[in-house]
DNA sequence: ACCTCCCTGGCC
DNA sequence: GGCCAGGGAGGT
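In this note's numbering, the protein residues as written are 3 to 246.
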């Protein structure tokens, strides 16, 4: 179930008995740094969630990876679709993981507007596709990209290289507030409750979404019906009046 | 800049 | 039975 670990035995062998010394995050990748320079790379994929449980607690379906700690706590990756993963890597391997290819973190290392303008210059791809491109900036997924675009009043299909400086600035300025609001609410648990907080509570940002998943419902700003289109094979929700 | 694939489950 | 879904890699 740890497809990303080429030798499955490595996962246990590399982590067993080692002390977790630090937790980090870059974009949507979570990193556990263990003694002995072993890094546990974790990603929730589409349907994953982390669960903290006691070893005796019954495992829910799709508890695909379980890491036990000696204080009687287990970290479980529950992930029906198995696009999420945990992999334990050595320093030599770390460089060739996708973590190294990530752009600056959208929350902690947000690029300046001028840098973003430069990164988007000449690009003909829709801005939404590039907001989802983790090499440009890491951390925005489909929900938050749409919410950022609504807040900045830009349509996702606009060609990235043709956005004005102020438009790129508006997008940049929207990223922090949107992500912070999402974090304050504990994230976005949709109807299927695939994503939950590690203690089992549902994230409540779904109640505060302005556009994502609201096709046909009235825009909270102008009342127009929210529309859905497809960009880069992903759903895009937007307000046809508020977003240009 | 596109596609396809990796998976399972829920909904129509 | 077919379609859809919070992501990302890999190939063309």
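All C-beta atoms, glycine included, are put in the ideal place defined by N, C-alpha and C.
- Message: For residue 181 and residue 22, I'd like the C-alpha separation in whole angstroms.
- Response: 27 Å
- Can you give me the Cβ contacts of residue 3 inside the same chain, cut-off strictly under 8 Å, excluding the 5 residues immediately before and after it? For residue 3, the predicted model reports a pLDDT of 43, less than 50, meaning its position is unreliable; a value from the coordinates is still stated below. If we look at residue 3 and ignore the five residues flanking it on each side, its Cβ neighbours are 66, 67 and 84.
- Message: Whether or not the stretch 135-153 and the stretch 229-239 are in contact is what I'm after, with contact meaning three or more pairs of Cβ atoms, one per stretch, closer than 8 Å; do they touch?
- Response: yes
- With C-beta atoms as the reference, is residue 62 less than 9 Å away from residue 157? no
- By the 10 Å Cβ neighbour count, where 16 or more other Cβ atoms means buried, how is residue 7 classified, buried or exposed? buried
- Can you tell me where the alpha helix (DSSP H) with residue 146 in it begins and where it stops? 144-154
- Query: Would you report the Cα separation of residue 29 and residue 125, rounded to the nearest angstrom?
  - Reply: Residue 29 and residue 125 have their C-alpha atoms some 22 Å from each other.
- How should residue 111 be labelled, buried or exposed, when 16 other C-beta atoms within 10 angstroms of its C-beta is the threshold for buried? exposed
- So, using beta-carbon positions, are residue 179 and residue 140 closer together than 9 Å? no
- Message: According to DSSP, is residue 25 part of a helix, a strand, or is it coil?
- Response: strand
- Indicate whether residue 190 and residue 205 have their beta-carbon atoms separated by less than 9 Å. yes
- Whose C-alpha, out of 155, 130, 154 and 152, is nearest the C-alpha of residue 143? 130
- Would a C-beta distance cut-off of 9 Å place residue 78 and residue 197 closer than the cut-off? no
- Query: Residues in its own chain within less than 6 Å of residue 154 by CB, not counting five upstream and five downstream?
  - Reply: Correct list, in chain order: 172, 173 and 176.
- Query: Which residue's Cα is closest to the Cα of residue 201: 188, 213, 194 and 208?
  - Reply: For the residues 188, 213, 194 and 208, the minimum Cα distance to residue 201 belongs to 188.
- With DSSP run on the structure shown, which of helix, strand or coil describes residue 126? coil
- Item | Cβ neighbours of residue 82 in the same chain (closer than 6 Å, five flanking residues each side left out) | 49 and 64
- Query: With distances taken between CB atoms, is the gap from residue 90 to residue 43 smaller than 9 Å?
  - Reply: Cβ distance < 9 Å, so residue 90 and residue 43 count as in contact.
- Task: Kindly indicate which three-state DSSP category residue 71 falls into: helix, strand or coil?
- Result: Judged by DSSP in its simplified three-state form, residue 71 adopts strand.
- Task: Take the Cβ of residue 185 as the centre, count every other Cβ of all protein chains shown within 10 Å, and call the residue buried at 16 or more, exposed below.
- Result: exposed
- Task: In angstroms with no decimal places, state the Cα-to-Cα distance between residue 228 and residue 151.
- Result: 13 Å
- According to DSSP, is residue 243 helix, strand or coil? coil
- Buried versus exposed call for residue 41 [16 or more other C-beta atoms within 10 Å across all chains shown]: buried
- In the DSSP assignment, find the unbroken beta strand (DSSP E) run with residue 87 in it and report its ends. Per DSSP, residue 87 belongs to the beta strand (DSSP E) from 87-91.
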